[in-house]
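This report concerns only the one structure given below.
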Amino acid sequence: MLPSSNPDLPILKRFFDAELETFRSHLILMGETAVSQVKDATRALIEGDLGLAERVITRDDELDQLEVKIDDEGIRFINLRSPIASDLRLVIVGMKAGHDLERVGDEATGIAKRAIKLAAEPQLKPYIDLPRMAEIAVEMLRDSLQCFLNGDEEKALAVCRRDADVDRINKQLYRELSSYIVEDPRTTTRAIELMFVSKSIERIADHATNIAEETIYLAKGKDVRHTEQVKKNAGANPTTP
1 MLPSSNPDLP ILKRFFDAEL ETFRSHLILM GETAVSQVKD ATRALIEGDL GLAERVITRD
61 DELDQLEVKI DDEGIRFINL RSPIASDLRL VIVGMKAGHD LERVGDEATG IAKRAIKLAA
121 EPQLKPYIDL PRMAEIAVEM LRDSLQCFLN GDEEKALAVC RRDADVDRIN KQLYRELSSY
181 IVEDPRTTTR AIELMFVSKS IERIADHATN IAEETIYLAK GKDVRHTEQV KKNAGANPTT
241 P
């Protein structure tokens, strides 16, 4: 009997699609939670809000649990449904994106912990570069998730380009904070804590870039990590003033 004549196929397809939609919905929830964590951790640092910092730290478990759920659903889907082509890529890329989002949550937790430490000391410098870095990283994270869900390859490449902006601010801030240490060694602890915060934001942008690159794989079936296409685009069109 030809597969198309199987009366159970429409029912199986609906069940198949429902499982994929559940998988996607959990990934969306994880993405929204990760974005919220980064924004709250940054605000806790800027405003010296210890309560908000503690909530970010506590909420990290939600992302850990969502990563486990997404992995379980993805593995079960592959084992039971044997998906091929685009559906298989969707599940594999979704699981990778879940790992990136969990790591984003870890970085946000790290920022929150440093916010608590820094709140006990006089502010070393006005917070200008760090909020700007965080803003770009959050935009990259949102855009990477949106282009993943929509299969938008061009928007994914735009996310990859913005990673260079965050890298540039991170290096600039590192040089500036290093000069504080040289001029006054008493600032060393605060300067190093801020360097770690800056590095965490830079890593968040890297994870957003990973998701964007995985989106291109999802759309084209081609792995573009470490390729000339991404390297060329990453250095183009800077948006940092």
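Residue 23 in UniProt numbering is what sits at position 23 of the sequence shown, and the numbering runs on without skipping anything.
A virtual CB, placed ideally from N, CA and C, is assigned to each residue, including glycine.
- DSSP, read as helix, strand or coil, puts L52 in helix.
- Take the alpha-carbon of T58 and the one of V35: they are about 15 Å apart.
- G98 places its beta carbon 8 Å or farther from that of D60.
- G94 counts as buried, since at least 16 other C-beta atoms from the protein chains shown sit within 10 angstroms of its C-beta.
- In the structure shown, S179 adopts helical secondary structure according to DSSP, grouped into three states.
- One alpha carbon belongs to M140, the other to I128, and they sit about 19 Å apart.
- Fewer than three beta-carbon pairs drawn from the region 77–92 and the region 152–167 are found closer than 8 Å, and the two stretches are therefore not classed as touching.
- Look at P126 here: in three-state DSSP terms it is coil, with no helix or strand label.
- DSSP, reduced to helix, strand and coil, places E62 within a helical segment of the structure shown.
- The way I'd put it, the region 38–53 doesn't touch the region 68–76; fewer than three beta-carbon pairs between them come closer than 8 Å.
- Residue state for E121 is assigned as coil, using DSSP reduced to three classes.
- Under the Cβ criterion (8 Å, minimum of three pairs), the region 119–128 does not count as touching the region 161–169.
- With 16 or more other CB atoms across the displayed protein chains lying within 10 angstroms of its CB, T209 is buried.
- Closest by C-alpha distance to S144, out of D17, V166 and D206, is D206.
- By the Cβ neighbour-count rule, V68 is exposed, with fewer than 16 other Cβ atoms within 10 Å of its own.
- Residue environment analysis places R114 among the buried positions, since at least 16 neighbouring C-beta atoms fall within 10 angstroms of its C-beta.
- Cβ contact annotation for A134 (same chain, cutoff 7 Å, sequence separation greater than five): V38, T42 and I201, in chain order.
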